[in-house]
Amino acid sequence: MVLAMLFALYSYGPKSGNAPLAFDEMLTAEDLPRPPYKTYQEWYAAQDPAHLIQKSQDAESIFRKTGITFAVYGHADSSEKLIPFDIIPRIISAREWRKLAQGIEQRVLALNAFLDDIYHKQEIIRAGRIPRELIEKNEAFLPEMIGFKPPGGVYTHIVGTDIVRTGEDQFYVLEDNARTPSGVSYMLENRETMMQMFPELFAMNKVQRVEDYPYLLRQSLASLAPPGCKGKPRVAVLTPGIYNSAYYEHSFLADTMGVELVEGSDLRVIDGKVKMRTTRGYEAIDVLYRRVDDDFLDPLTFRPDSALGIPGIMDVYRSGNITIANAPGTGISDDKAIYSYMPEIVEFYTGRKPLLENVPTWRCSEPDSLKYVLEHLEELVVKEVHGSGGYGMLVGPTASKKERADFAEKLSARPSNYIAQPTLSLSTVPILVNKGIAPRHVDLRPYVLVSDKEVKIIPGGLTRVALKKGSLVVNSSQGGGTKDTWVLED
Amino acid sequence: MLGRTANGLYWMFRYIERAENIARLVDAGLRVSLTRTGSTDEDWDGVLQSAGVRDEYVELHGKVTTANAIDYLLREKTNPSSVMSCIDSGRNNARMVRTALTRETWEATNECWIELKQLLEKRVKPADLPAVIDTIKRRAGLIRGAFHGSMLRNDLYNFSRIGTFIERADNTSRILDVKYYVLLPAVSQVGSSLDNFQWESILRSVSAHRSYGWVYDAEYRPSNIADFLILNRRMPRSLAYCYEKIVSNLRYLAEDYGERHSAHDTADSIRTMLKRGEIGDVMDQGLHEFLKDFISRNNQLSVEISEGYRFYR
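One line per chain: the protein sequences are L and S, in this order.
For the first sequence, our numbering assigns the number 1 to the initial residue and increments by one for each residue that follows.
For the second sequence, our numbering assigns the number 1 to the initial residue and increments by one for each residue that follows.
1. When the Cα atoms are used, what is the spatial distance from SER78 (chain L) to LEU462 (chain L)?
2. Taking 8 Å as the CB-CB cut-off, is HIS75 (chain L) touching chain S?
3. Could you tell me whether the Cβ atoms of PHE85 (chain L) and GLY481 (chain L) are closer together than 8 Å?
4. Starting from the C-beta of ASP255 (chain L), find all residues in its chain whose C-beta is less than 8 Å away, skip the five residues before and the five after it, and write them out in chain order.
5. Please look up how many angstroms separate the CB atoms of LEU203 (chain S) and ILE225 (chain S), rounded, as I've assumed it's under 8 Å.
6. Between ILE91 (chain L) and LEU488 (chain L), how many whole angstroms is the CB-CB distance? I'm expecting something under 8 Å.
7. I believe VAL237 (chain L) touches LEU216 (chain L) by the beta-carbon criterion, under 8 Å. Please report the beta-carbon distance rounded to the nearest angstrom.
8. Considering ILE136 (chain S), what are the terminal residues of the beta strand (DSSP E) in which it resides?
9. List the residues of chain S that GLU260 (chain L) touches, going by C-beta distances under 9 Å, in chain order.
10. Would you kindly report the start and end of the unbroken beta strand (DSSP E) that includes THR266 (chain S)?
11. At which residue ranges does the stretch 392–437 of chain L contain complete alpha helix (DSSP H) runs of 4 or more residues, listed in the order of the chain?
12. With a threshold of 7 Å on Cβ separation, who are the neighbours of ILE246 (chain S) within its own chain once the five nearest residues in sequence on each side are excluded?
13. Hey, is ASP27 (chain S)'s beta-carbon within less than 8 Å of any beta-carbon in chain B?
14. Please report whether the beta-carbon of MET195 (chain L) lies at a distance below 8 Å from any beta-carbon of chain S.
15. Examine chain L for any beta-carbon lying closer than 8 Å to the beta-carbon of THR155 (chain S), and answer yes or no.
16. Using the beta-carbon of each residue, which ones in chain L are nearer than 7 Å to SER107 (chain S)?
17. Using only the alpha-carbon positions, how far apart do TRP106 (chain S) and ILE175 (chain S) sit?
18. Using DSSP with H/G/I as helix, E/B as strand and the rest coil, what is ALA69 (chain S)?
19. Measure the Cβ-Cβ separation of LEU82 (chain L) and GLU60 (chain L) and say whether it is below 8 Å.
20. Answer yes if the stretch 360–369 of chain L comes into contact with the stretch 181–195 of chain L, meaning at least three C-beta pairs across the two stretches below 8 Å, and no otherwise.
21. Taking C-beta pairs closer than 7 Å, name the residues in chain L that ASN92 (chain S) reaches, listed in chain order.
22. Does ALA140 (chain S) pass the burial test, meaning 16 or more other C-beta atoms within 10 Å, or should it be called exposed?
23. For MET276 (chain L), which residues in chain S fall below 7 Å Cβ to Cβ?
24. Beta-carbon of SER251 (chain L) versus every beta-carbon of chain S: anything under 8 Å?
25. Does the Cβ of LEU203 (chain S) lie closer than 7 Å to at least one heavy atom of the ligand GDP?
26. What residue from L:LEU188, L:SER319 and L:PHE202 has the CA that sits closest to PRO214 (chain L)'s CA?
27. If we cut at 8 Å on Cβ distances, does ARG280 (chain L) have a partner in chain S?
28. In chain order, what residues of the same chain lie with their CB nearer than 7 Å to the CB of LYS353 (chain L), ignoring the 5 residues before and after it?
29. If you run the structure through DSSP and keep just helix, strand and coil, what is ALA94 (chain S)?
30. Give me, in chain order, the residues of the same chain whose beta-carbon lies closer than 6 Å to that of TYR155 (chain L); leave out the 5 immediate sequence neighbours on both sides.
31. Is the shortest distance between the beta-carbon of GLU111 (chain S) and the beta-carbons of chain L less than 8 Å?
32. Would you identify the three-state DSSP class for SER78 (chain L), choosing helix, strand or coil?
33. Are the C-beta atoms of ASP266 (chain L) and some chain S residue less than 8 Å apart?
34. Considering only DSSP beta bridges, list what PHE85 (chain L) is partnered with.
35. So which residues of chain S does ASP255 (chain L) contact, with C-beta pairs closer than 8 Å?
36. Out of L:GLY103, L:SER365, L:MET145 and L:GLY258, which has the shortest C-alpha to C-alpha gap to GLU121 (chain L)?
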């Protein structure tokens with residue numbers, strides 16, 4: 001009876017009159033908890049809802065005090081915002097995770113092989129599997145990288161693969177973030193906060209660890225030191241500075257790895273090495289985990305107006321005296337126009353069918369696809385090829401007639417700038433609301449560390465949740481929140 | 001450690017020190033207006049001078065009024081030395097050097113900023129002023145406490161301390177310089193209530209009106225007040241005390257790094273001057289000239305530290 005009251009907003013059973021919004025990760029259509037949620041649900045049923053609301057407010061003040069904030073571009077007055085944190089964990093079973101992890105590993109290995117090929121022999125183009133102009137006319141393709149092998153042959157040291165779920169066994173990769181995926185600090189702080197607030201839950205559930213991430217990251221980066229590095233590799237994190245939207249994460253990673261957080265103005269090329277200005281003089285850096293885009297990395301090679309980069313760093317890189325992570329030019333592999341070719345790419349380099357599916361994608365550059373997309377705008381999601389953060393995107397089913405018409409005009413004017421996908425019915429998980437709990441749509445970004453010896457996938461990752469009822473947009477810049485993500489042990 | 005990090009720590013602590021000192025000046029100013037009958041606008045003119053922002057104030061507001069002066073000192077955005085500007089700059093520096101701070105120190109700084117931003121969002125009502133000033137002092141105290149209780153005593157600590165004491169020495173010397181004339185023997189008449197009042201206000205602005213009585217006799221004497229604030233090595237806001245601290249922190253850096261800079265010689269010579277000095281000589285030499293010279297040498301030291309430890313280049 002108590003259970004029924006608590007779950008008043010969260011019930012699909014025959015008496016509820018609710019139809020599930022989508023595949024729900026906690027409850028089956030018969031209102032029974034799915035196995036990974038069983039222990040949690042029993043615990044939840046014994047809680048006082050007012051107490052949970054209080055806990056949720058406590059969490060917010062922890063985040064604010066710690067300064068776990070991000071900046072929203074274009075909001076001058078609200079320069080620091082909190083990403084809402086929901087205290088109900090998203091729970092994944094060991095079996096589900098194994099399946100995901102295999103698929104992610106396959107995909108990440110394919111991405112690296114693809115990059116190596118694109119910047120060397122370009123066999124995939126010669127084999128006719130990918131059109132040449134798609135690569136060579138792409139802004140993310142860096143001719144400076146042609147013929148150069150990064151230390152250990154690794155291009156994407158850190159990857160964040162965005163995954164969505166639509167059914168018990170149905171997962172899709174939505175995006176491969178192979179440049180500088182962000183959000184890992186939220187994964188770690190979310191776990192830290194949950195462990196502080198609900199220690200008993202961690203005693204009841206065996207949750208796989210994520211806390212080793214900074215240690216693993218440092219280890220992985222140091223293992224890929226350049227040939228010119230003698231002795232213990234010195235690692236540093238390069239940030240654009242305190243006004244960057246992800247500055248908190250940059251300082252968090254440097255801090256937890258125990259390495260310096262540097263800005264372009266701290267660095268200079270001296271005697272063929274990249275050196276940082278310390279209180280004792282200039283000291284060499286061997287591995288630079290840069291959180292600065294390719295364009296801004298070296299004003300001598302790329303954008304001459306960049307004040308964020310280090311003049312001459314590309315020469316040092318090419319002469320084997322620094323490792324840049326991720327390698328410049330990796331953007332060619334996570335471009336949305338390339339994305340639609342990922343099934344071919346995975347198969348080409350691994351010799352196997354992809355374990356994880358791509359979302360079916362229409363390339364609007366192709367006349368037939370464009371025609372189809374324009375005729376079916378009300379059921380599709382249309383994205384800019386180079387866009388990110390949920391900007392410049394149309395969600396057909398929820399857009400107004402006028403929004404669709406306006407978008408159709410933009411789309412017809414520059415079709416090659418867009419791709420379209422069906423509106424996926426993203427799985428839902430419960431979030432805490434005023435009256436109890438309610439289902440909301442989520443995605444998942446697991447973090448992957450790649451070295452020349454192994455691929456490490458941190459169990460779990462960042463779950464982003466659309467807080468508005470029915471919304472499918474999970475981006476933090478568009479009103480999304482985050483959750484702690486648990487992968488249970490067997 | 002990065003030169004930029006040393007710079008960030010140095011300025012973080014200079015700004016927090018300044019915020020607290022400005023709050024103390026406003027507090028002393030309020031005290032004056034409470035205990036004195038008649039117009040007090042003139043007194044605020046002196047407070048603005050002590051804070052080193054009188055000309056900028058006049059440019060913005062023209063005539064000195066109590067309400068405008070307080071607002072200018074507490075929350076004016078265009079005044080880089082207003083309490084809010086200092087806390088903003090201090091916290092921005094703290095964000096920049098966040099990896100060098102303990103979690104406690106960062107959180108104390110961040111919470112100080114969060115609370116003051118809210119308190120100083122609008123003009124403060126006169127009735128709320130004491131509580132606001134109290135909060136500023138308390139928050140600054142919490143940062144100091146977290147810092148002392150949790151930071152490793154390494155070079156990070158030394159740069160932070162040097163910033164604190166260079167700022168404090170600057171502030172104390174400015175407060176004295178603005179009021180130097182009331183300490184001159186020629187114009188002062190011992191025991192006149194006007195003078196007593198001026199002197200007490202000087203002591204209050206460095207939170208020393210009680211401790212003065214413990215060290216000297218209860219009577220205010222200009223040479224004793226000057227001695228207390230300039231040469232007394234036990235008085236935590238005196239120039240001599242600040243220089244004991246600056247020199248010892250610089251010495252740790254020299255030992256750690258195995259390298260001395262011109263800053264070490266400059267600091268040593270200022271310290272020696274303060275240690276050997278007699279207040280009678282200072283007064284004879286001219287208090288104003290002495291303070292003017294001190295302020296410029298203190299600034300010179302700041303420049304030499306930033307060069308020696310590669311703050312900018």
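Note that CB positions come from ideal geometry on N, CA and C, so glycine has one too.
Here the structure is a predicted model, which is why all the values come from computation and not from measurement.
In short:
1. The residue labelled residue 78 (chain L) in the question sits at position 78 within the first sequence. The residue labelled residue 462 (chain L) in the question sits at position 462 within the first sequence. Confidence at SER78 (chain L) is low in this model, with a pLDDT of 47, below 50, so its placement is unreliable and the value that follows should be read with caution. The straight-line gap from Cα to Cα measures roughly 24 Å.
2. Your numbering for residue 75 (chain L) matches position 75 in the first sequence. Note on HIS75 (chain L): pLDDT 46, under 50, position unreliable in the model; no value is reported.
3. Here residue 85 (chain L) is taken as the residue at index 85 of the first sequence, counted from 1. Here residue 481 (chain L) is taken as the residue at index 481 of the first sequence, counted from 1. Their beta carbons are under 8 Å apart, which means PHE85 (chain L) touches GLY481 (chain L) by this criterion.
4. Here residue 255 (chain L) refers to the residue found at position 255 when the first sequence is read from its first residue. Take ASP255 (chain L), set aside five residues on each side of it, and the residues of its chain with a beta-carbon closer than 8 Å to its own are LEU261, in chain order.
5. Here the question's residue 203 (chain S) lines up with position 203 in the second sequence. Here the question's residue 225 (chain S) lines up with position 225 in the second sequence. The Cβ separation is near 7 Å, so the contact holds.
6. Within the first sequence, the letter at position 91 stands for residue 91 (chain L). Within the first sequence, the letter at position 488 stands for residue 488 (chain L). The C-beta distance from ILE91 (chain L) to LEU488 (chain L) rounds to 7 Å, short enough to fall under 8 Å.
7. By one-based count along the first sequence, residue 237 (chain L) stands at place 237. By one-based count along the first sequence, residue 216 (chain L) stands at place 216. In fact, because the Cβ distance is near 15 Å, the residues do not count as touching under 8 Å.
8. Against the second sequence, residue 136 (chain S) aligns to sequence position 136. Segment 129–150 is the alpha helix (DSSP H) holding ILE136 (chain S); no beta strand (DSSP E) there.
9. Within the first sequence, the letter at position 260 stands for residue 260 (chain L). Simply MET1, LEU2, THR5 and THR99.
10. Indexing the second sequence from 1 puts residue 266 (chain S) at position 266. It is not in any beta strand (DSSP E) - THR266 (chain S) instead sits in the alpha helix (DSSP H) that spans 262–276.
11. Taking only runs of at least 4 residues, the alpha helix (DSSP H) segments lying wholly in the stretch 392–437 of chain L are 401–413.
12. Reading the second sequence from its first residue, position 246 is the one you call residue 246 (chain S). Same-chain partners within the cutoff: ILE162, PHE165, ILE166 and ALA267.
13. The chain labelled as chain B is not found among the protein chains of the depicted structure, namely L and S.
14. Taking the first residue of the first sequence as 1, we reach residue 195 (chain L) at position 195. It does not: the Cβ of MET195 (chain L) has no partner Cβ on chain S nearer than 8 Å.
15. Counted from its first residue, the second sequence places residue 155 (chain S) at position 155. Per the sequence shown, residue 155 (chain S) should be read as Asp rather than Thr. So yes, ASP155 (chain S) belongs to the interface.
16. The sequence position of residue 107 (chain S) within the second sequence is 107, counting from 1. A small correction: the amino acid at residue 107 (chain S) is Glu; Ser does not occupy that position in the sequence shown. Against chain L, a Cβ distance below 7 Å from GLU107 (chain S) picks out LYS65 and THR66.
17. As a position in the second sequence, residue 106 (chain S) is number 106, starting the count at 1. As a position in the second sequence, residue 175 (chain S) is number 175, starting the count at 1. Cα to Cα, TRP106 (chain S) sits roughly 30 Å from ILE175 (chain S).
18. Within the second sequence, the letter at position 69 stands for residue 69 (chain S). For ALA69 (chain S), the secondary structure class from DSSP, reduced to helix, strand or coil, is helix.
19. Counted from its first residue, the first sequence places residue 82 (chain L) at position 82. Counted from its first residue, the first sequence places residue 60 (chain L) at position 60. Against a cut-off of 8 Å, the Cβ pair of GLU60 (chain L) and LEU82 (chain L) comes out as a contact.
20. Taking 8 Å as the limit for Cβ pairs, the verdict is that the stretch 360–369 of chain L does not touch the stretch 181–195 of chain L.
21. Along the second sequence, one-based indexing puts residue 92 (chain S) at 92. Listed along chain L are ILE242, each with a C-beta nearer than 7 Å to that of ASN92 (chain S).
22. The residue given as residue 140 (chain S) occupies position 140 in the second sequence. Residue environment: ALA140 (chain S) is assigned as buried (16 or more neighbouring CB atoms within 10 Å of its CB, all protein chains considered).
23. Residue mapping note: residue 276 (chain L) aligns to position 276 of the first sequence, counting from 1. Neighbours of MET276 (chain L) on chain S, chain order: LEU2.
24. Counting from one through the first sequence, the residue named residue 251 (chain L) turns up at place 251. Under the Cβ criterion of 8 Å, SER251 (chain L) is counted among the residues facing chain S.
25. The ligand GDP is not among the ligands present in this structure, which contains no ligands whatsoever.
26. To locate residue 214 (chain L), count along the first sequence from 1; it is residue 214. Of the listed residues, the one whose Cα sits closest to PRO214 (chain L) is L:LEU188.
27. Position 280 of the first sequence, counted from the start, is the residue given in the question as residue 280 (chain L). ARG280 (chain L) counts as touching chain S.
28. Taking the first sequence and counting its residues from 1, the one referred to as residue 353 (chain L) is at position 353. Result list for LYS353 (chain L): GLU347, in chain order.
29. Within the second sequence, the letter at position 94 stands for residue 94 (chain S). ALA94 (chain S): helix per DSSP, three-state reduction.
30. Position 155 of the first sequence, counted from the first residue, corresponds to residue 155 (chain L). ASN112, LEU115, ALA327 and THR330.
31. Position 111 of the second sequence holds residue 111 (chain S). Between GLU111 (chain S) and chain L, the shortest Cβ-Cβ separation is below 8 Å.
32. The sequence position of residue 78 (chain L) within the first sequence is 78, counting from 1. Residue placement at SER78 (chain L) cannot be trusted, given a pLDDT of 47 that sits under 50; the coordinates are not used to answer.
33. Looking up residue 266 (chain L) in the first sequence gives position 266. It does: the Cβ of ASP266 (chain L) has a partner Cβ on chain S nearer than 8 Å.
34. Numbered from its first residue, the first sequence carries residue 85 (chain L) at position 85. Its beta-bridge partners are L:THR482.
35. Translated into the one-based positions of the first sequence, residue 255 (chain L) becomes position 255. Simply ARG98 and THR99.
36. Residue mapping note: residue 121 (chain L) aligns to position 121 of the first sequence, counting from 1. This sequence places Lys at residue 121 (chain L); Glu is not what is there. Taking only the C-alpha atoms, the option nearest LYS121 (chain L) is L:MET145.
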